[in-house]
Amino acid sequence: MKKRGIAFTTVGICLMAIFLKNLIFVEYKVEGVSMQPTYEEGMLLSINKLALYFDSLDRFDIVVFHLPDREQIYVKRVIGLPGDEIYYKDDQLYVNGKAVDEPFLPSIKENQVTKQIGNFTLEEIIDKTKIPKGYIFVIGDNRLQSRDSRHFGLVKIDDVIGTVGEPE
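Per numbering that gives the first Met the number 0, residue 0 is the first one in the sequence shown, and the count goes up by one each step.
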């Protein structure tokens, strides 16, 4: 009888662990090429849904989110945070007037004809100079093949499902 109680307890603990894992982490299969070379199409990502409750977003975090008017789920990199003034000039990111390196991007060759990202200012996209509280600006790592904040505007932090860790 004692062995049966241990078996039920063990099964209960295993079921609880699976439930908690599914509550905290969800899996997402990458669709499209907008995050290459960081994530290839078809890769399975583990999304931490609780990360935002215990830690704030940082620049260059990778987030999974949905837009209220679309069914699609997006995976993009956070480029701008609330209060930031951002712009790109000659493939260089500027945050609050200072050049910021993006080490996750492939290096630009000296004689490269195609730019990775066009010049733009935040004001050209959202008609404001700074990102308002509660919003982020996101861009895919494959800048030439990404539909992101340059196209659909800012993302509400409340619409972020979770964060994704960098690939090993």
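Backbone N, C-alpha and C fix where the C-beta goes; we use that ideal spot for every residue, glycine too.
Pair within 8 angstroms by beta-carbon distance, residue i and residue j
i	j	result
G79	I135	yes
S145	I156	no
G161	I46	yes
V77	L56	yes
F119	Y86	yes
L49	D158	no
Neighbourhood of residue i by C-beta distance below 6 angstroms, restricted to the same chain and skipping five residues each side
i	result
N110	Bear in mind that the predicted position of N110 carries a pLDDT of just 48, short of 50, making it unreliable; the figure below should be weighed with that in mind. If we look at N110 and ignore the five residues flanking it on each side, it has no Cβ neighbours.
M42	V29
I61	R76, V163
P102	none
E84	N95, T128, K129
Residue i at chain C interface by Cβ criterion, 8 angstroms
i	result
S148	Going by chain labels, chain C is absent from the structure shown, which holds only one protein chain.
Cβ neighbour criterion (16 or more within 10 Å) applied to residue i
i	result
S148	buried
I5	exposed
R69	exposed
V99	exposed
D54	exposed
L143	exposed
Residues of its chain near residue i, where Cβ-Cβ distance is below 8 angstroms and the 5 sequence neighbours each way are ignored
i	result
G152	I124, I125
K88	N118
F59	R76, V77, I78, E101, F103
Rounded Cβ spacing between residue i and residue j (contact assumed at less than 8 angstroms)
i	j	result
V63	Y27	6 angstroms
Heavy atom of the ligand ADP within 7 angstroms of residue i beta-carbon
i	result
T128	Among the ligands in the structure shown, none appear at all, so the ligand ADP cannot be discussed.
Residues near residue i by beta carbon distance below 7 angstroms, same chain, minus five either side
i	result
P105	P36
K194	The structure shown does not extend to residue 194, since the chain is modelled only from 0 to 167, so the question has no answer here.
T8	none
**Asked** On the three-pair Cβ rule with 8 angstroms, is the region 23 to 42 touching the region 65 to 74?
**Response** Touching, yes.
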